[in-house]
Structures are given as C-alpha cells and as structure tokens.
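Sequential numbering from 525 applies to the sequence shown in the working numbering.
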Amino acid sequence: SNGMEERRQFIRVEATMALHYHVTQSLATGTIPNLATNISAGGMRLSLACRLEPGTQLALEMIVPGQAPIQANAEAVWSTRGDKDNGGLYETGLRFIKADQSDQDRLLGVLGQGLKERSPL
C-alpha cells in the first residue's frame with residue numbers, strides 16, 4: 525500500500541536485537557545474538573561475514589523481547605566490505621520484500637518504541 529511508502533521515508537531507528545537469518549539460495553544460516561542495526565519499515569542494515577550479491581533473498585526472524593519473533597523476507601540491495609576495524613565484515617543493506625501484515629504492524633510498533641526510547645520528550 526502507499527501508506528507504507530510514505531512512512532518508510534521517515535522512521536529509521538537504531539535498534540539492538542537478536543536476529544536469525546537464512547540465505548534462501550544457499551544453506552547459509554546464522555544468528556546474530558546482539559545486532560545493533562539501523563532499521564526502518566523498508567529495510568535494515570546488517571554486518572555479515574560473507575558478501576551477498578544484490579538480489580540475494582533472505583528469510584529473517586527478529587527476536588523481540590516479550591513477543592513472538594517478527595518474520596520478514598528481505599533481499600540484499602548493497603554489500604560493501606568494512607575496514608579492519610569491524611573485522612572485515614560486509615555492511616549489507618536489506619530491503620524487506622514480504623512480511624505478513626501482522627508482522628509488519630508489529631515491526632512498525634517496535635520502531636515506534638525505539639523512537640520513544642530515544643526521544644528526549
């Protein structure tokens with residue numbers, strides 16, 4: 525829906541969560557226990573050990589305290605190798621491509637929480 529497009533321009537939150545990922549075209553799976561990420565309703569950023577070709581699809585499960593995991597499918601948009609400081613990991617930009625409506629609503633709720641926690645008001 526169009527509402528989604530408009531919202532995604534604005535909300536971008538720094539969040540820390542646990543994340544499971546599964547690269548659909550390969551057997552690569554992993555858990556990032558303490559992922560500090562930049563996340564929005566449109567996508568998120570990850571640091572991964574391997575480079576993902578743009579278009580590579582992943583199944584994601586975001587572990588949110590106190591509720592069921594949020595599931596979404598995403599595809600890699602870009603992947604660039606970090607410097608030695610981050611252990612040579614690849615900064616990877618993901619775009620959400622499919623999330624159940626309820627998962628999407630919950631993701632927006634979590635983003636809203638993140639904004640509240642950061643807001644000085």
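Backbone N, C-alpha and C define an ideal beta-carbon position, used for all residues, glycine too.
None of the values given here were measured: they were computed from a predicted structure.
For this session: Let me know the secondary structure DSSP gives Ser-550 once reduced to three states.
Result: coil
Problem set entry | CB contact flag (Gln-595, Asp-624, <8 Å) | yes
Exercise. With burial defined as no fewer than 16 other Cβ atoms inside 10 Å of the residue's Cβ, what is the status of Gly-567: buried or exposed?
Worked result: buried
Problem set entry | Cβ-Cβ separation, Glu-599 to Thr-580 (assumed contact under 8 Å), whole Å | 6 Å
For this session: Label Leu-631 either buried or exposed according to how many other C-beta atoms from any shown protein chain fall within 10 Å of its C-beta, with 16 as the threshold for buried.
Result: buried
For this session: Confirm the yes/no value for this check: CB of Gly-638, any heavy atom of the ligand FAD, distance under 7 Å.
Result: In the structure on display, the ligand FAD does not appear, and there are no ligands present to speak of.
For this session: Consult DSSP for Val-683 and reduce its assignment to one of helix, strand or coil.
Result: Limits of the chain in this structure are 525 at one end and 645 at the other, which puts residue 683 out of reach.
Exercise. If you follow the beta strand (DSSP E) that Glu-615 is part of, which residue opens it and which one closes it?
Worked result: 614-622
Exercise. Going by other Cβ atoms of all chains shown within 10 Å of its Cβ, with 16 needed for buried, is Ile-563 buried or exposed?
Worked result: buried
For this session: Report the partner residues of Ala-600 according to the DSSP bridge assignment.
Result: Leu-618
Exercise. Among Gln-549, Ala-560, Val-634, which one has its Cα closest to the Cα of Leu-543?
Worked result: Ala-560
Problem set entry | Candidates Leu-576, Ala-565, Thr-604, Leu-551: closest to Arg-510 by CA position | Within the shown structure, residues of the chain are numbered from 525 to 645, placing residue 510 beyond reach of any answer.
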